[in-house]
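Below: one structure, written as structure tokens.
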Amino acid sequence: MEIIRRPRRNRVSSAIRALVEETTLSTNDLIYPIFVQEGKQQQWEIASMPGIYRFSPDRLLFEIEECMNIGIRAICLFPNISEDKKDKIGSEGCNPEGLYPSTIRSIKARFPELCIMTDVALDPYSSDGHDGIFRDGKILNDETVEILGKMALIQAEAGADLIGPSDMMDGRVQHIRQVLDQHGFIDVGIISYTAKYASAFYGPFRDALQSAPKQGDKKTYQMNPANAKEALLEAELDFQEGADILMVKPALAYLDIIYRLKEKFCIPIAAYNVSGEYAMIKGAARLGWLDEQKCMLETLLSIKRAGADIILSYFAKEVALILKH
Ligand code: PBG
Numbered sequence: 043m044e045i046i047r048r049p050r051r052n053r054v055s056s057a058i059r060a061l062v063e064e065t066t067l068s069t070n071d072l073i074y075p076i077f078v079q080e081g082k083q084q085q086w087e088i089a090s091m092p093g094i095y096r097f098s099p100d101r102l103l104f105e106i107e108e109c110m111n112i113g114i115r116a117i118c119l120f121p122n123i124s125e126d127k128k129d130k131i132g133s134e135g136c137n138p139e140g141l142y143p144s145t146i147r148s149i150k151a152r153f154p155e156l157c158i159m160t161d162v163a164l165d166p167y168s169s170d171g172h173d174g175i176f177r178d179g180k181i182l183n184d185e186t187v188e189i190l191g192k193m194a195l196i197q198a199e200a201g202a203d204l205i206g207p208s209d210m211m212d213g214r215v216q217h218i219r220q221v222l223d224q225h226g227f228i229d230v231g232i233i234s235y236t237a238k239y240a241s242a243f244y245g246p247f248r249d250a251l252q253s254a255p256k257q258g259d260k261k262t263y264q265m266n267p268a269n270a271k272e273a274l275l276e277a278e279l280d281f282q283e284g285a286d287i288l289m290v291k292p293a294l295a296y297l298d299i300i301y302r303l304k305e306k307f308c309i310p311i312a313a314y315n316v317s318g319e320y321a322m323i324k325g326a327a328r329l330g331w332l333d334e335q336k337c338m339l340e341t342l343l344s345i346k347r348a349g350a351d352i353i354l355s356y357f358a359k360e361v362a363l364i365l366k367h
């Protein structure tokens, strides 16, 4: 055949393939989500997330040390709160002596250079299992935002570096930014869950936190998976309200959204490779149906290629180990 363009020439050897490689995974871009639960010297594996544990605060420090030794420099912390501490307005989320802020303080004391991202939403503390105040079948936006501001402030006071509002209420980024600034936390950033979809892929996470909604679903605040333009609107608002980083969640079924936000905005884009995406690969690998390591790397690479600068992933530790060798 007489053809001039033979794209296969650039795939001839491993060395050439490496030269022309467009996307690279780096441990620098990973945020490792980790779970904390009240207790001493204990850890509990999450059934639907093999290899992921809820740690008692003391054990958590060992886990973080291990992560830092393999190059992970950022974590995202989630609390599992006992049922007796939950109420309608998530009061425990605003308790400065609660599990969450006290864990942040102990992590910061031990590892001041670690970047701690937090989660701002009512669900871990809500007896209704909702991200906002649930009354008469409705989620109250403005009353919720008020509480979110208090939660964010307590987290910042405890030492959080990046505040992550995951609640999808309107106007929360602006309010949180104001509260932080009024109290002098001008350097604490906001990584906003901008395009957070009402997804079935959060199932294993809700097992981990025992935080599934007791009634109804989250469709009046999380986005409809059918919509893309709405994500641009949410992103525009979060940008104007002062978000430092915009996040898309979940990642895999929403790579087009990651791409669109990356094209339109000049601030970093993060993607959350959520619990269900982790469980799918782990589950299939356990059955011997998929090569776990290869699928994990391919998945994270695809998220990066789509435009994510930052990836939150339960695979972070495993990937960091591979990249280190
Ligand atoms: C709740 C929150 C959720 C996740 C992060 N923060 C679940 C939800 O909205 O119900 C999901 C993370 C995951 O699935 O890994 N505000």
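Residue numbering for the sequence shown follows my numbering, beginning at 43 and increasing consecutively.
No residue lacks a Cβ here, since even glycine has one placed at the ideal position from N, Cα and C.
Point to revise | Inter-residue spacing [alpha-carbon to alpha-carbon] between Thr262 and Asp249 | key: 22 Å
Check your understanding: How about Phe243 and Gly318: do their beta carbons lie closer than 8 Å?
Key -> yes
Check your understanding: Which residues in the same chain have their Cβ closer than 6 Å to the Cβ of Ile131, if we skip the five residues on either side of it in sequence?
Key -> Ile175
Check your understanding: Any chance the CB of Asp209 is under 7 Å from a heavy atom of ligand 1?
Key -> yes
Exercise for review: With a threshold of 7 Å, establish whether the CB of Ser317 neighbours any heavy atom of ligand 1.
Suggested key: yes
Practice item. Using the Cα positions of Pro255 and Ser55, report the straight-line distance between them to the nearest angstrom. Key: 52 Å
Check your understanding: Would you call Phe247 buried or exposed, if buried means 16 or more other Cβ atoms sit within 10 Å of its Cβ?
Key -> buried
Check your understanding: Cβ of Phe247 versus every heavy atom of ligand 1: is any distance shorter than 7 Å?
Key -> yes
Check your understanding: Any heavy atom of ligand 1 within a distance shorter than 7 Å of the CB on Ala163?
Key -> yes
Practice item. Return the bridge partner residues of Cys308 from the DSSP annotation. Key: None, per the DSSP bridge assignment.
Check your understanding: So what's Ala166 in DSSP terms, helix, strand or just coil?
Key -> Reading off the sequence shown, one finds Pro at residue 166, where the question assumed Ala. In the structure shown, Pro166 sits in a helix (DSSP, three-state: H, G or I).
Check your understanding: By Cβ distance below 8 Å, which residues in the same chain neighbour Ala281 in space, the five residues on each side in sequence not counted?
Key -> Residue identity differs from the one stated: residue 281 is Phe in this sequence, not Ala. Around Phe281: Leu288, Phe307, Ile309.
**Study point:** Alpha carbon of Leu195 to alpha carbon of Thr145, nearest angstrom
**Key:** 15 Å
Check your understanding: Roughly how many angstroms separate the alpha carbons of Met91 and Arg47, rounded to a whole number?
Key -> 46 Å
Point to revise | Own chain partners of Gln216 with C-beta closer than 7 Å, once the 5 adjacent residues on each side are dropped | key: Glu283, Gly284
Review point. Is Asp173 near ligand 1, going by C-beta to nearest heavy atom under 7 Å?
Key: yes
Practice item. Given a cut-off of 8 Å, decide if Glu87 and Tyr74 are closer than it, judged by their beta-carbon atoms. Key: no
Practice item. Look at the alpha carbon of Ile300 and the alpha carbon of Gly206, and state the distance between them as a whole number of angstroms. Key: 17 Å
Practice item. In angstroms with no decimal places, state the Cα-to-Cα distance between Pro292 and Arg50. Key: 34 Å
Review point. Bridge partners of Gln252, per DSSP?
Key: Per DSSP, none; premise fails for Gln252.
Exercise for review: Round the Cβ separation of Asn183 and Met159 to the nearest angstrom and send it over; I've been treating them as touching at under 8 Å.
Suggested key: Wrong, their Cβ atoms sit about 24 Å apart, outside the cutoff.
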